[in-house]
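Asker: Line by line, the protein sequences are chains V and C. The first sequence maps to residues 1 to 308 in this note's numbering. The second sequence maps to residues 1 to 185 in this note's numbering. Quick reminder that beta carbons are idealized off the backbone N, C-alpha and C, glycines included.
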Amino acid sequence: MGFFILFFLFIGGAIDYLYFDAFTRVGPAFPVATIFSLGMATLMTLTAYYGGSGIILSSVGAEKPDMQIPEHRELRNIVTEMALASGSAMPQLYVIYDPAPNAFATGTNEKNSTICVTTGLLTLLDREETQGVIAHEMSHIRNEDVLLMTLVSILVGGIAILADWGQRGFYSSRSGRRLGSKSPLLFIPLLLLIALSPLFAQILAMAVSRQREYLADATAAQYTRNPGGLARALEKIRDAGMAFQKATRGTAHLFFVNPLRRRLDDQDGGLANLLTTHPPINRRIMLLYQMAGIPQSVVQGPKVQTFK
Amino acid sequence: MIFVIWAIVFVLGIWIISTYNTLTALRLRVQNAWRQIDVQLKRRYDLIPNLVETVKGYMQYEQDTLQKVIDARSKAMAATGVKESAEAQAALTQSLGKVFALMENYPELKASKNVLDLQEELTTTENQIAFARQYYNDLVTQYNTKQQVFPSNMLAGFFKFQPSEFFSVPEAETAVPKVNLTLTR
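#1: Report back the beta-carbon spacing between V/Val-95 and V/Val-117 to the nearest angstrom; my notes put them in contact at under 8 Å.
#2: Can you check the segment 63 to 120 of chain V for any alpha helix (DSSP H) of at least 4 residues that lies completely inside it and give the ranges in chain order?
#3: Taking the alpha helix (DSSP H) that C/Ala-79 belongs to, which residues open and close that run?
#4: Measure from the C-beta of V/Gly-166 to each C-beta in chain C and report whether the shortest distance is under 8 Å.
#5: Rounded to whole angstroms, what's the CA-CA distance from C/Leu-109 to V/Pro-65? Just pull it up for me.
#6: Can you pull the chain V residues whose beta carbon is under 7 Å from the beta carbon of C/Phe-131, in chain order?
#7: If I measure Cβ to Cβ from C/Tyr-106 and keep anything under 6 Å in the same chain, skipping five residues before and after, which residues do I get?
#8: So what does DSSP say about V/Phe-255, is it helix, strand or coil?
#9: I need the straight-line Cα distance from V/Ala-160 to V/Leu-46, nearest angstrom please.
#10: If the criterion is Cβ atoms closer than 8 Å, does the pair V/Leu-254 and V/Thr-150 meet it?
#11: Note down, in chain order, every chain C residue with its Cβ under 9 Å from the Cβ of V/Pro-70.
#12: Between C/Thr-124 and chain V, is there a C-beta pair that is closer than 8 Å?
#13: Would you mind stating whether V/Pro-372 and V/Val-79 have Cβ atoms separated by less than 8 Å?
#14: Which residue's Cα is closest to the Cα of V/Glu-110: V/Met-206, V/Glu-137, V/Gly-157 and V/Leu-204?
#15: With a threshold of 8 Å, are at least 3 pairs of Cβ atoms found where one atom belongs to the segment 17 to 36 of chain C and the other to the segment 144 to 152 of chain C?
#16: Please name the residue in V/Ala-135, V/Leu-148, V/Leu-190 and V/His-140 whose C-alpha comes closest to that of V/Leu-162.
#17: Determine contact between the segment 197 to 209 of chain V and the segment 226 to 242 of chain V, defined as no fewer than three beta-carbon pairs at a distance below 8 Å.
#18: Consult DSSP for V/Val-60 and reduce its assignment to one of helix, strand or coil.
#19: Looking at the unbroken alpha helix (DSSP H) that takes in V/Met-138, where does it start and where does it end?
#20: Note down, in chain order, each residue of its chain lying with its Cβ closer than 8 Å to the Cβ of V/Gly-176, except the 5 sequence neighbours on either side.
#21: Please confirm whether C/Ile-48 and C/Arg-73 have their CB atoms less than 8 Å apart.
#22: Given a cut-off of 8 Å, decide if C/Arg-27 and C/Tyr-143 are closer than it, judged by their beta-carbon atoms.
#23: With a threshold of 16 other CB atoms inside 10 Å of the CB of V/Ser-153, please say whether the residue is buried or exposed.
#24: Grab the span of the alpha helix (DSSP H) containing C/Met-59 for me, first residue to last.
#25: With 8 Å as the limit, tell me which residues of the segment 21 to 34 of chain C have their beta carbon closer than that to any beta carbon of chain V; keep them in chain order.
#26: To which residues of the same chain is V/Glu-74 closer than 7 Å at the C-beta, ignoring the five residues directly before and after it?
#27: Mark C/Lys-56 as exposed unless 16 or more other C-beta atoms lie within 10 angstroms of its C-beta, in which case mark it buried.
#28: Is DSSP giving V/Leu-260 helix, strand or coil here?
#29: Within 10 angstroms of the Cβ of V/Gly-87, are there 16 or more other Cβ atoms? Answer buried if so, exposed if not.
#30: Do you know how far the Cα of V/Thr-224 is from the Cα of V/Gly-293?
#31: Quick check: the Cα distance between C/Tyr-61 and C/Leu-51, rounded to an integer number of angstroms?
#32: Could you pull out every residue in the same chain whose Cβ sits closer than 8 Å to the Cβ of C/Thr-125, ignoring the five residues on either side in sequence?
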């Protein structure tokens with residue numbers, strides 16, 4: 001995370017240096033572009049953040065649970081249990097009528113948070129396994145991951161804005177003498193870096209997201225004192241192998257398991273370690289079984305089914 | 001020189017205030033967590049008569065066991081003092097576990113929607129009691145650790161913060177309830 005902020009400051013500084021002559025005697029006293037892009041990105045993200053929960057919930061078709069249905073009552077009971085175990089307030093509860101087993105948590109803080117579960121998850125999993133999933137979502141709320149991911153998207157947005165300016169500024173000022181006065185040895189690598197920076201920012205954001213998933217799994221095990229429940233839930237969801245149709249690339253990182261289910265998501269190493277929002281599901285299962293004290297050799301599951 | 005002394009006094013003052021506030025906040029959270037357990041226990045008292053009423057008709061041969069649950073409930077409600085009430089609660093948990101285990105023998109019980117609903121309610125109450133206690137113990141660990149580690153232990157001693165007591169599970173509760181299936185009378 002700290003590295004992320006440094007990266008942002010570096011790109012901002014490079015733009016300021018190249019186009020506004022900042023850090024030299026003739027330029028402005030402070031880095032204009034850095035501050036301005038950060039302000040713009042903050043404004044954009046905060047709008048999404050405060051109006052966000054409602055928009056996300058309606059975009060995936062979430063509804064209030066129906067307390068006449070035994071499964072929904074059981075879900076409410078499990079959420080109450082996990083709220084007690086984590087010592088936080090009871091979150092709002094929503095269900096999505098969809099056969100794909102998945103869940104997510106949103107909300108600005110502990111007192112104003114939401115947990116949303118698909119009905120497919122409720123039918124697929126037994127009580128202990130559902131408890132594991134809810135504990136995982138509760139951990140995201142307690143660890144303030146929603147806040148963290150908001151901060152990350154501010155930085156990603158800010159870098160995108162900077163890179164955009166950088167590219168346009170390059171074409172419009174080529175004839176001018178602004179760049180000419182600086183050493184090409186310095187500005188050519190800087191320009192390249194600015195052009196590639198949105199890609200780097202995405203990769204960094206996904207790395208942060210994956211780390212938080214591991215952390216939420218570990219915290220869930222601490223709440224339930226039962227890592228086996230969550231591990232079995234992940235196994236069942238992996239074997240069900242259904243994609244959640246209503247998720248988009250923008251909301252994918254919120255979910256319990258990656259709802260898009262690309263082939264890449266189940267692989268370990270190489271590109272998969274750079275370009276996915278969630279850690280490989282088999283690795284999560286293995287780590288949970290290790291917490292439960294069951295040797296790794298026992299848990300080599302069946303060959304993973306993948307879906308396009 | 002005088003500036004350095006003022007700076008030290010200032011930093012020390014900030015540290016004292018923040019440590020004192022952390023300890024006080026933890027103490028309040030511990031007390032609140034303890035009350036949470038009571039709320040769950042109360043819920044269990046309310047649910048038990050319902051359960052007994054519902055299953056009484058089916059479980060003709062287990063009147064003894066059911067009576068034990070009723071007795072354990074009234075004993076737990078009347079108990080005073082931490083140790084006595086912990087023991088009474090443990091006995092109640094055990095007798096309830098016995099009823100649940102015996103219910104497996106009655107297929108017609110499993111078919112009744114009412115009974116299933118009640119069973120879910122009681123299961124979640126049992127879980128909630130367990131999780132509330134677990135959270136209470138987690139908080140007590142935090143609170144006691146803060147009081148004993150350096151340097152906050154100096155302040156805890158000066159302001160007379162007392163370590164809180166853990167909720168320890170009595171022996172009887174950790175044992176799996178034994179079910180006698182021979183039905184000898």
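Answerer: Taking the structure as given:
#1: Position 95 of the first sequence holds residue 95 of chain V. Position 117 of the first sequence holds residue 117 of chain V. Sure, about 6 Å apart at Cβ, within 8 Å.
#2: The qualifying runs are 70 to 86.
#3: The count along the second sequence starts at 1 and reaches residue 79 of chain C at position 79. Careful: C/Ala-79 lies outside any alpha helix (DSSP H) and carries neither H nor E.
#4: As a first step, residue 166 of chain V must be located in the first sequence, where it is residue number 166. Taking Cβ atoms only, chain C never reaches closer than 8 Å to V/Gly-166, which makes this a no.
#5: Within the second sequence, the letter at position 109 stands for residue 109 of chain C. Within the first sequence, the letter at position 65 stands for residue 65 of chain V. So the two alpha carbons sit approximately 27 Å from each other.
#6: The residue given as residue 131 of chain C occupies position 131 in the second sequence. Here the neighbours are Glu-81, Leu-84 and Ala-85.
#7: As a first step, residue 106 of chain C must be located in the second sequence, where it is residue number 106. So the qualifying residues of the chain are Tyr-58.
#8: For this step, residue 255 of chain V is matched to residue 255 along the first sequence. V/Phe-255 falls in the strand class under three-state DSSP.
#9: Here the question's residue 160 of chain V lines up with position 160 in the first sequence. Here the question's residue 46 of chain V lines up with position 46 in the first sequence. For V/Ala-160 and V/Leu-46, the distance between alpha carbons rounds to 16 Å.
#10: Here residue 254 of chain V corresponds to residue number 254 of the first sequence, with the count starting at 1. Here residue 150 of chain V corresponds to residue number 150 of the first sequence, with the count starting at 1. No. Outside cutoff.
#11: Numbered from its first residue, the first sequence carries residue 70 of chain V at position 70. Ordered by position in chain C, the residues that pass the 9 Å Cβ test against V/Pro-70 are Lys-113, Leu-116, Asp-117 and Glu-120.
#12: Residue mapping note: residue 124 of chain C aligns to position 124 of the second sequence, counting from 1. Interface criterion met: the Cβ of C/Thr-124 is under 8 Å from a Cβ in chain V.
#13: This structure cannot settle anything about residue 372 of chain V, because the visible part of chain V is limited to 1 through 308.
#14: In the first sequence, the residue the question calls residue 110 of chain V occupies position 110. Minimum Cα distance to V/Glu-110 is reached at V/Glu-137.
#15: yes
#16: Against the first sequence, residue 162 of chain V aligns to sequence position 162. With distances taken between Cα atoms, V/Leu-162 lies closest to V/Leu-190.
#17: no
#18: Taking the first residue of the first sequence as position 1, residue 60 of chain V is located at position 60. Under the three-state reduction of DSSP output, V/Val-60 falls in the coil class, being neither helix nor strand.
#19: Taking the first residue of the first sequence as position 1, residue 138 of chain V is located at position 138. Residues 127 to 142.
#20: As a first step, residue 176 of chain V must be located in the first sequence, where it is residue number 176. Any reading at V/Gly-176 needs caution, since the residue's pLDDT is 47, under 50, leaving its predicted position unreliable; the model's value is listed next. If we look at V/Gly-176 and ignore the five residues flanking it on each side, it has no Cβ neighbours.
#21: Residue 48 of chain C sits at position 48 when you count from the first residue of the second sequence. Residue 73 of chain C sits at position 73 when you count from the first residue of the second sequence. In this structure, C/Ile-48 lies near C/Arg-73, with their beta-carbon atoms less than 8 Å apart.
#22: Taking the second sequence and counting its residues from 1, the one referred to as residue 143 of chain C is at position 143. Taking the second sequence and counting its residues from 1, the one referred to as residue 27 of chain C is at position 27. A contact, by the Cβ cut-off of 8 Å.
#23: Locating residue 153 of chain V in the first sequence gives position 153, counting from the first residue. With 16 or more Cβ atoms within 10 Å of its Cβ, V/Ser-153 is classed as buried.
#24: Here residue 59 of chain C refers to the residue found at position 59 when the second sequence is read from its first residue. Premise fails: C/Met-59 is in no alpha helix (DSSP H) and is neither H nor E.
#25: Listed by position along the chain: Arg-29 and Ala-33.
#26: Taking the first sequence and counting its residues from 1, the one referred to as residue 74 of chain V is at position 74. Excluding sequence neighbours, V/Glu-74 sits near Arg-127.
#27: Residue numbering aside, residue 56 of chain C sits at position 56 when the second sequence is read from its first letter. Classification of C/Lys-56: exposed, given that the 10 Å Cβ count is below 16.
#28: Numbered from 1 along the first sequence, position 260 holds the residue referred to as residue 260 of chain V. In the three-state reduction of the DSSP assignment, V/Leu-260 falls in the coil class.
#29: Stepping through the first sequence from its first residue, residue 87 of chain V is reached at position 87. When all chains shown are included, V/Gly-87 counts as buried.
#30: Within the first sequence, the letter at position 293 stands for residue 293 of chain V. Within the first sequence, the letter at position 224 stands for residue 224 of chain V. Spanning the two alpha carbons is a distance of roughly 15 Å.
#31: Here residue 61 of chain C is taken as the residue at index 61 of the second sequence, counted from 1. Here residue 51 of chain C is taken as the residue at index 51 of the second sequence, counted from 1. Each residue's alpha carbon lies about 16 Å from the other.
#32: In the second sequence, counting from the first residue as 1, residue 125 of chain C sits at position 125. Answer for C/Thr-125: Gln-40, Arg-43, Arg-44 and Leu-47, listed in chain order.
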